[in-house]
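Reviewing the structure listed below.
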Amino acid sequence: MLAVIKEAFWGSLSSIKTIAIILIPMMVVLQIAKDYQILDKISNSLWGFARILGISKDAIFPLLVGIFFGISYGAGVIIETSKQGNLTKKDLLLLVIFLVTCHGIVEDTLIFVVIGANGWLLVLLRTIVAILITMLLSRRLSASELGGIEGMEKK
-1 MLAVIKEAFW GSLSSIKTIA IILIPMMVVL QIAKDYQILD KISNSLWGFA
49 RILGISKDAI FPLLVGIFFG ISYGAGVIIE TSKQGNLTKK DLLLLVIFLV
99 TCHGIVEDTL IFVVIGANGW LLVLLRTIVA ILITMLLSRR LSASELGGIE
149 GMEKK
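Next comes the structure, spelled out in structure tokens:
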């Protein structure tokens, strides 16, 4: 029994080390991108993509953060952007729907590639499914349907 616990402990430490090697540089790059407003420039260039998804221009930055850096960090940015009053109920719902399907695309893909998955196939399939689901729901949602979502303030 002690051998199993020891193996689990060392295996967990190894996994944490691998994840840290991937995540720490990504967080540094994100902070640099924020400081130099690189993400704002990217958001402006992706306005057409936002329209396809049915989200506003203000929702692009939280979407990018969630796609590239994961759902936890993306959720923090979504909450902060929402508190500033920049996101509508529809933006919030569509962001969540998209990110549930396609979050942490860089981080998750790198982790799965390390264990043998095809990274390009993973990225392609997750992105296509997220776009299709979000587009379809964006076109189906009406203001009256959004009014029934509990916990969201009216805009």
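Counting from -1, one number per residue, gives the positions in the sequence shown under this note's numbering.
Cβ atoms here follow ideal geometry from the backbone N, Cα and C, with glycine treated the same way.
Only a predicted model underlies this, so the values are computations on that prediction, with no experimental measurement involved.
Query, Result
"Span of the alpha helix (DSSP H), counted from its first residue to its last, around Asp56", "Premise fails: Asp56 is in no alpha helix (DSSP H) and is neither H nor E."
"Terminal residues of the alpha helix (DSSP H) in which Leu91 lies", "Lys87 to Thr99"
"Supposed contact pair Ile53 and Leu97 - C-beta distance, whole angstroms, cut 8 Å", "Not a contact, Cβ separation roughly 11 Å."
"Cα-Cα separation between Met27 and Val75, rounded to whole angstroms", "According to the sequence provided, residue 27 is Val. The question's Met does not apply to it. Answer to the nearest angstrom: the Cα atoms are 16 Å apart."
"Cβ contact check for the stretch 123 to 140 and the stretch 52 to 67: 3 or more pairs under 8 Å", "yes"
"Asn42 in three-state terms, based on DSSP", "helix"
"Alpha-carbon spacing of Asp56 relative to Phe7, whole angstroms", "43 Å"
"Per-residue DSSP class, three states only, for Gly72", "helix"
"Spatial distance of Lys87 from Leu11 (CA atoms)", "41 Å"
"Spatial neighbours of Thr125 in its chain, beta-carbon cut-off 8 Å, leaving aside the 5 residues before and after", "Cys100 and Ile103"
"Ile36 versus Ile77, Ile3, Val63 and Val127, residue with shortest Cα-Cα distance", "Val63"
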